[in-house]
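Asks: As given, the protein sequences belong to chains A and B, one line each in that order.
Be aware that the first sequence starts at 1, since it is given in our numbering, and climbs by one per residue.
Be aware that the second sequence starts at 1001, since it is given in our numbering, and climbs by one per residue.
Each residue gets a CB set at the ideal place from its N, CA and C atoms; glycine is no exception.
This is the structure, below, for whatever I ask next.
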Amino acid sequence: MSRIKAVDILAGGFVVLIGVLAIVESTSFDMGTSRRIGPGYFPFYVGMLMVLLGIAIAVENLWARTSSDFGWSLPPMRSPLLILAAVAAFAVMIERFGMFPSIFAAVFLGSLADTNTAIWQKLAISVAVPVVCVVIFKYGLSLNVDVIRWRP
Amino acid sequence: MSDFASNLALGFSVAFSWQAMWYCFVGVSLGTFIGVLPGIGALAAIALLLPLTFGMEPAHALIMLAGIYYGSNYGGSTASILLNLPGTPSSAVTCIEGYPMSQQGRAGVALFMTAIASFIGSICGMLIMAIFSPPIAALAFSFSAPEFFSLMVLGMVAASTLASGSPLKGLAMIGLGLILGMVGRDLYSGLLRFSYGVDQLYEGLPLVAVALGIFGLPEVIKNAGQITGRTVEARSISFASMWPTRDDWRRSWGAMFRGTGLGSFFGALPGTGGLLASFMSYATERRVAKDPSRFGKGAIEGIAGPEAANNAAVQTAFIPTLTLGIPGDIVMAIMLGALTIHGIQPGVSVINNHPDLFWGLLVSFLLGNFLLLILNIPLIGLWVRILAIPYWVLYPFIIAFICIGVYSVSNSVVDLYVLMFFGVLGIVMNILRFEPAPLVLGLILGPMLEENLRRSLTLYRGSYTVFLTRPISALFIGIAVLILAWTIYGMFRARARRRAALAAGEE
């Protein structure tokens, strides 16, 4: 009868972990006194609060023992990975190759996340988006970024 | 009273200049546009346009950004009614009654009534802002550090426990936000905290990157390849089909005014806003209805109330933001960022030192809401057609705009890595069922909270009792404790009920 909502145990652990990180970080600073608090004071107490909240979140569901939404599975990873890769591609390329190539790469990677479109649709949108962005941001709003540059 | 009149006159002179009217028009049209499109919210749009306002007058910048915000609330209901997909989070509740109405062929009436309800909610919210802001600002002049600290504590408690989801998880997200707010240089010691070797973070986390990472990216990730096969019939909704019957009007009036009341209250309370107000309004309408069985099957008061509520909340959210310098919600936090960038220190002196800004913005709401009425009733066919844009065309643009928007704030690649980090955090939070809104509130209020705690303790010789001996501060703390007690009581009651249900099931 000890069916536990796995999600909430994990969630509680996550909160405790962050609290511990905050407490660890706070120990490298001066706590000060309550009359003149130091840079370590606020993080220490917020960290303590987080540890307590994390335990409470986990325990709340130890009591509850409902069988509803017990199951827990990893969500599909395709879309998150591709969209993060799109941002990464933009971040790596923007200062080296300029706006057009970096947006082209980002949009192409991002468009792979949608499995319902054909390759010609993905390529068409990968060209259309940078063109529109260059028109809006470079010529419309005169953003200070090169359209194409070469500084690998 | 003559003071009030002269302030209004000043407001009219600012808001009805050609430039201000143009920016107001651009703001509300853009707001409606992104409100209509599901999967992109006002927050993303405002964050993206923020860098463009750097060269503008502060009043014009604020008029345009505010226009996007309340415009998106008008547009948000369109997708809710026609597609059962909320265009903005606060219009989610409009789906419940709006979509059945559209299946019964009464989409036109639903769209008309949401526009009217939004208009009434907004105008009442605006009047409340005009009447209450000056006295609140005057009262706030007597506030010192303990009052600000207690008010922020109240706002955070209200935001985390009254919102949807688990109150404990809400509080934990506030805590995480507070910790993230400490990233960067400590103002007193000059030491870098929580920067983990990334020196570029000395000014703190970039707000636009955090907000887009935590709200924008997970939204795109969730919807990519999922929203497909939209079939909006492009048949234009004729004006005749939009006119509500006398019965519709009779049901809606009361709902609109109750919604406006709820919305004005929750909007003005820092930390809570349109989303909560619209749900409360829907619940209220169900409770006061003579025949609750009509709900879920296209009851018009179930859209009139919530729409009035969330629009009133958007207007009154400006009260704490402009009178106290405490943002009512995440969008308001970005607005405060915009003010700071324009060299205006947010706080109690904004109304007195920059009356043109405050009253100009207020009067622009009047103009903006009239424009929105035109955009949303005679021109509704235009927006319905925009809904037909497929998501595979839309989301690559959103990705590109997010990247460029984050990068262009300070031409910094580090900001893009911050965006990715918070995108991952947003996904983890989704899996663990944490709400992102309290986190962002904690992040924004964190530095102010620490500062006011430090000042209070220094001023009152390290004694924590100061928060309870000063009457206004004690009042705020008292309300916060009441809310917490009510929440804990609710948790125990729910547990008892679950046990009873379980026991009944086992017999």
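Should B:Leu1372 and B:Tyr1069 be called a contact, given that it needs their Cβ atoms to be closer than 8 Å?
Replies: Here the question's residue 1372 of chain B lines up with position 372 in the second sequence. Here the question's residue 1069 of chain B lines up with position 69 in the second sequence. No, these two residues do not count as a Cβ contact at 8 Å.
Asks: Quick check on A:Gly98 - is its C-beta less than 8 Å from some C-beta in chain B?
Replies: For the purposes of this step, residue 98 of chain A is taken as residue 98 along the first sequence, with counting starting at 1. Taking Cβ atoms only, chain B never reaches closer than 8 Å to A:Gly98, which makes this a no.
Asks: Using the beta-carbon of each residue, which ones in chain A are nearer than 7 Å to B:Leu1419?
Replies: For the purposes of this step, residue 1419 of chain B is taken as the residue at position 419 of the second sequence. Within chain A, the residues near B:Leu1419 are Val87.
Asks: Give me the Cα-Cα distance between B:Ser1017 and A:Arg151, rounded to the nearest whole angstrom.
Replies: As a first step, residue 1017 of chain B must be located in the second sequence, where it is residue number 17. As a first step, residue 151 of chain A must be located in the first sequence, where it is residue number 151. Near 46 Å, if we compare the C-alpha coordinates of A:Arg151 and B:Ser1017.
Asks: Could you name the residues of chain B that A:Arg36 contacts, counting a contact when the two beta carbons are closer than 7 Å?
Replies: For this step, residue 36 of chain A is matched to residue 36 along the first sequence. Ordered by position in chain B, the residues that pass the 7 Å Cβ test against A:Arg36 are Thr1458.
Asks: Can you tell me the Cα-Cα spacing of B:Phe1265 and B:Phe1149, whole angstroms?
Replies: Looking up residue 1265 of chain B in the second sequence gives position 265. Looking up residue 1149 of chain B in the second sequence gives position 149. Spanning the two alpha carbons is a distance of roughly 21 Å.
Asks: If we ignore side chains and look at the alpha-carbon of each, how far apart do B:Leu1049 and B:Gly1254 end up?
Replies: Here residue 1049 of chain B refers to the residue found at position 49 of the second sequence. Here residue 1254 of chain B refers to the residue found at position 254 of the second sequence. C-alpha separation (whole angstroms): 38 Å.
Asks: Between B:Ile1046, B:Glu1285, B:Pro1320, which has its C-alpha nearest B:Leu1154's C-alpha?
Replies: In the second sequence, the residue the question calls residue 1154 of chain B occupies position 154. The candidate whose alpha carbon is nearest that of B:Leu1154 is B:Pro1320.
Asks: From the beta carbon of A:Leu17, is the nearest beta carbon of chain B less than 8 Å away?
Replies: For the purposes of this step, residue 17 of chain A is taken as the residue at position 17 of the first sequence. Answer no: the Cβ-Cβ gap between A:Leu17 and chain B never drops below 8 Å.
Asks: Any heavy atom of the ligand FMN closer than 7 Å to the beta-carbon of A:Glu25?
Replies: Of the ligands one can find in the structure shown there are none, so the ligand FMN has no counterpart to examine.
Asks: Residues of chain A with CB under 7 Å from B:Phe1467, in chain order?
Replies: For the purposes of this step, residue 1467 of chain B is taken as the residue at position 467 of the second sequence. By Cβ distance, chain A contributes nothing, its closest Cβ being about 13 Å from B:Phe1467, past 7 Å.
Asks: Report the neighbours of A:Pro39 on chain B: residues whose CB is nearer than 8 Å to its CB, in chain order.
Replies: For the purposes of this step, residue 39 of chain A is taken as the residue at position 39 of the first sequence. Here the neighbours are Asp1186, Tyr1188, Ser1189, Leu1191, Arg1193.
Asks: Under a CB-based cut-off of 8 Å, is A:Met50 close to chain B?
Replies: Residue numbering aside, residue 50 of chain A sits at position 50 when the first sequence is read from its first letter. Judged by the 8 Å Cβ criterion, A:Met50 is in contact with chain B.
Asks: Beta-carbon of A:Leu123 versus every beta-carbon of chain B: anything under 8 Å?
Replies: Reading the first sequence from its first residue, position 123 is the one you call residue 123 of chain A. No, A:Leu123 lies away from the interface with chain B (no Cβ there is under 8 Å from its Cβ).
Asks: Express the C-alpha separation of A:Asp146 and A:Val132 in angstroms, rounding to a whole number.
Replies: Residue numbering aside, residue 132 of chain A sits at position 132 when the first sequence is read from its first letter. Residue numbering aside, residue 146 of chain A sits at position 146 when the first sequence is read from its first letter. Approximately 15 Å between the Cα atoms of the pair.
Asks: Buried or exposed, going by whether 16 or more other CB atoms sit within 10 Å of the CB of A:Arg35?
Replies: Taking the first residue of the first sequence as 1, we reach residue 35 of chain A at position 35. It counts as exposed.
Asks: Considering only residues of the same chain and omitting the five flanking positions on each side of B:Met1126, which have a CB-CB separation below 8 Å?
Replies: Here residue 1126 of chain B refers to the residue found at position 126 of the second sequence. Only Gln1315, Leu1362, Phe1365, Leu1366, Asn1369 meet the Cβ criterion.
Asks: Please look up how many angstroms separate the CB atoms of B:Glu1435 and B:Met1173, rounded, as I've assumed it's under 8 Å.
Replies: On the second sequence, position 435 is the one that residue 1435 of chain B refers to. On the second sequence, position 173 is the one that residue 1173 of chain B refers to. Their Cβ separation, rounded to whole angstroms, is 6 Å, which keeps B:Glu1435 and B:Met1173 in contact under 8 Å.
Asks: Can you list the residues of chain A that B:Glu1450 reaches, using a CB-CB cut of under 7 Å?
Replies: The residue given as residue 1450 of chain B occupies position 450 in the second sequence. Within chain A, the residues near B:Glu1450 are Phe42.
Asks: Between the segment 38 to 55 of chain A and the segment 1172 to 1188 of chain B, do three or more beta carbon pairs fall short of 8 Å?
Replies: The segment 38 to 55 of chain A, when compared against the segment 1172 to 1188 of chain B, does touch it at the 8 Å Cβ threshold.
Asks: Nearest by alpha-carbon distance to A:Ala113: which of B:Leu1416, B:Leu1217, B:Arg1385, B:Gly1298 is it?
Replies: Translated into the one-based positions of the first sequence, residue 113 of chain A becomes position 113. Among B:Leu1416, B:Leu1217, B:Arg1385, B:Gly1298, the Cα nearest to that of A:Ala113 belongs to B:Leu1217.
Asks: Is it a yes or a no for the segment 1200 to 1208 of chain B touching the segment 1472 to 1486 of chain B, going by three-plus beta-carbon pairs under 8 Å?
Replies: Verdict: no, contact absent.
Asks: Buried or exposed for B:Ile1116, please, with buried defined as at least 16 other CB atoms from any protein chain shown within 10 angstroms of its CB.
Replies: Reading the second sequence from its first residue, position 116 is the one you call residue 1116 of chain B. Buried, by the Cβ-count rule.
Asks: Mind pulling the chain B residues with CB within less than 8 Å of A:Val107?
Replies: By one-based count along the first sequence, residue 107 of chain A stands at place 107. Going along chain B in sequence order, the residues near A:Val107 (Cβ under 8 Å) are Pro1396, Ile1399, Ala1400.
Asks: Which runs of the alpha helix (DSSP H) fall wholly inside the segment 2 to 57 of chain A and span at least 4 residues, in chain order?
Replies: Those alpha helix (DSSP H) runs which fall completely within the segment 2 to 57 of chain A and span 4+ residues are 6 to 26.
Asks: How far does the alpha helix (DSSP H) with A:Pro80 in it reach, from first residue to last?
Replies: Locating residue 80 of chain A in the first sequence gives position 80, counting from the first residue. Element bounds for A:Pro80: 78 to 97.
Asks: Along chain B, which residues have their Cβ under 8 Å away from the Cβ of A:Thr33?
Replies: As a working note, residue 33 of chain A is residue 33 in the first sequence. Residues of chain B passing the Cβ test: Gly1462.
Asks: Could you say if the segment 1089 to 1102 of chain B and the segment 1293 to 1305 of chain B meet the contact criterion of at least three C-beta pairs nearer than 8 Å?
Replies: Enough Cβ pairs lie closer than 8 Å, so yes.
Asks: So B:Gly1423 contacts chain A; which residues on that side make the cut at Cβ distance below 9 Å?
Replies: Position 423 of the second sequence, counted from the first residue, corresponds to residue 1423 of chain B. Those are Pro80, Ile83, Leu84, Val87, listed as they occur along chain A.
Asks: How about B:Gly1273 and B:Gly1328: do their beta carbons lie closer than 8 Å?
Replies: The sequence position of residue 1273 of chain B within the second sequence is 273, counting from 1. The sequence position of residue 1328 of chain B within the second sequence is 328, counting from 1. For B:Gly1273 and B:Gly1328, yes; Cβs fall inside 8 Å.
Asks: Note down, in chain order, every chain B residue with its Cβ under 8 Å from the Cβ of A:Val7.
Replies: Translated into the one-based positions of the first sequence, residue 7 of chain A becomes position 7. The contacting residues are Ile1431, Leu1432, Arg1433.
Asks: Which chain A residues sit within Cβ distance under 7 Å of B:Leu1416?
Replies: Counting from one through the second sequence, the residue named residue 1416 of chain B turns up at place 416. In chain order: Val87, Phe90, Ala91.
Asks: Could you give the distance in angstroms between the alpha-carbon of B:Ala1501 and the alpha-carbon of B:Arg1495?
Replies: Within the second sequence, the letter at position 501 stands for residue 1501 of chain B. Within the second sequence, the letter at position 495 stands for residue 1495 of chain B. Each residue's alpha carbon lies about 10 Å from the other.
Asks: For B:Gly1184, which beta-bridge partners are listed by DSSP?
Replies: Against the second sequence, residue 1184 of chain B aligns to sequence position 184. Note: B:Gly1184 sits in a beta bridge opposite B:Arg1193.
Asks: From the beta carbon of B:Val1220, is the nearest beta carbon of chain A less than 8 Å away?
Replies: One-based indexing of the second sequence puts residue 1220 of chain B at position 220. Answer yes: the Cβ-Cβ gap between B:Val1220 and chain A drops below 8 Å somewhere.
Asks: Which first and last residues belong to the alpha helix (DSSP H) in which B:Asp1356 is found?
Replies: The residue you call residue 1356 of chain B lines up with position 356 of the second sequence. B:Asp1356 -> alpha helix (DSSP H) spans 1355 to 1376.
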